[in-house]
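The working numbering applies: residue 1 is where the sequence shown begins, and numbers increase by one. Here is the structure we will look at, set down as structure tokens.
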Amino acid sequence: MRRLAMLRETVTTWRGLERQARDLLELIQMAVTEEDDSLREEIEQDVERLAKNLDALEFELNFSGPYDARPAIVAVHAGEGGTESQDWAEMLLRMYLRWAERHGYQVEIIDQTPGEEAGIKSATVEIKGPHAYGWLKGERGVHRLVRLSPFDAQHRRHTSFALVEVMPEAEESVDVQINPDDLRIDFFRASGHGGQNVQKNSTAVRITHLPTGIVVTCQNERSQHRNKEFAMKVLESRLLELELEKKEQEKAKLKGEYTGAGFGTAIRSYVLHPYKLVKDQRTGYETSDAQAVLDGELDELLKAYLKTTIGA
């Protein structure tokens, strides 16, 4: 039913664009016939808007993967380096939240572990919107930041790393089968910085998948049931991602070396000092407007990656 609803929405969108083009063409023909130049500016604006919408829809045709239309589960983990990397992880999280906001996507923070002094050790969010996973799947990997440290008394330049994982939301009983006997579920008190926000009840949930050793926690909701529900959703997505990684490794035997999402070579560098530059190491795309990227203007970077993977 969800697939049917998505296809119906796609057809409605394209038919609407077709209708707009037909109406605009009739308006142009009428203006030419009557030699009426008063509508020129309005028509030019409508043509530009129509062309822009058409380009966006044509680009979405590239989202042909089996999971591209699904919501995305995005996890950000700070690398080694303490406060520096934890602050960088929070900057990345903010970047993705801003990007989602720009697209009108829904965001649910599933789990978040704060850093000791600043930033976050890790965070997991769910992003729902048209082709959320299709857009974000290329963000999977290590992101590198070079800047003058705001936490260094001598204001020296530091390099920080953070790992981003992107998983498609799994459909229970369709993509993965989980045996309840394979799960260990623990409940504990949610952690926090202290004060009134610390939970007194054991509402936080930790689920361990015994066969794989995958551990998922969720403590952002006040309800134990809701935390368990979100934790299971993340576990299902991680198991699906594990299966996809196995398939990628099999392909790699034919296509070359396979690189996982662990802390290795960075996929993208963000340099804030001594100059400003964001460069994607895989595509070569770069921009000097680093602040705009960190404020969520990711589309050109995402498009550059997606265009290199079409047909891959």
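Each residue gets a CB set at the ideal place from its N, CA and C atoms; glycine is no exception.
- Pairing I214 with I207, the inter-Cα distance amounts to about 8 Å.
- If the five residues before and after N220 are omitted, its C-beta is found closer than 7 Å to the C-beta atoms of I109, I110, D111 and Q112, all from its own chain and listed in chain order.
- Per DSSP, reduced to three states, the secondary structure at Y285 is coil, with no helix or strand assignment.
- The alpha-carbon separation between E165 and W88 amounts to approximately 15 Å.
- The DSSP-derived three-state label of G138 is helix.
- Note that the C-beta distance between V205 and A231 is below 8 Å.
- For K52, the enclosing alpha helix (DSSP H) covers residues R40 to E60.
- Nearest C-alpha to R189 among S85, T203 and G141: T203.
- Secondary structure note for R8: its alpha helix (DSSP H) is the uninterrupted segment R2 to T33.
- The shortest CA-to-CA distance from T124 to any of E248, L61 and V74 is the one to V74.
- Between the beta-carbon of Y285 and that of L301 there is about 6 Å, and that keeps the pair under the 8 Å contact cut.
- Secondary-structure assignment with DSSP links S149 through no beta bridge to anything.
- The residues L27 and A31, in chain order, have a CB closer than 8 Å to that of L39 in the same chain once the five nearest residues on each side in sequence are set aside.
- Residue state for F161 is assigned as strand, using DSSP reduced to three classes.
- Taking 4 residues as the minimum length, the alpha helix (DSSP H) runs contained wholly in the stretch 65 to 152 are 83 to 102 and 132 to 136, in order along the chain.
- With distances taken between CA atoms, R156 lies nearest to H273 out of L24, I185, H273 and D289.
- Your pair M167 and A69 does not check out as a contact, with CB atoms roughly 14 Å apart and the cut at 8 Å.
- By the neighbour-count definition (other C-beta atoms within 10 Å, threshold 16), M95 is a buried residue.
- In this structure R147 is in contact with H158, their Cβ atoms being roughly 7 Å apart against a cut-off of 8 Å.
- Residue burial annotation: I267 is buried, with at least 16 other C-beta atoms found within 10 angstroms of its C-beta.
- For the options L50, L25, I43 and L4, the alpha carbon positioned closest to that of W14 is the one of L50.
- Nearest to G119 by C-alpha distance, out of T83, L57 and E245, is T83.
- Between A78 and K128, the gap from beta carbon to beta carbon reaches 8 Å or more.
- Only residues of its own chain outside the window of five on either side were considered, and among them G134 have a CB closer than 7 Å to the CB of G65, listed in chain order.
- A204 sits in a strand when the DSSP states are folded into three classes.
- Around the beta carbon of G138, 16 or more other beta carbons sit within 10 angstroms, so the residue counts as buried.
- In the structure shown, S223 adopts coil according to DSSP, grouped into three states.
- Just so you know, the alpha carbons of D46 and A56 end up roughly 15 Å apart.
- For the pair R282 and V176, the Cα-to-Cα distance works out to about 31 Å.
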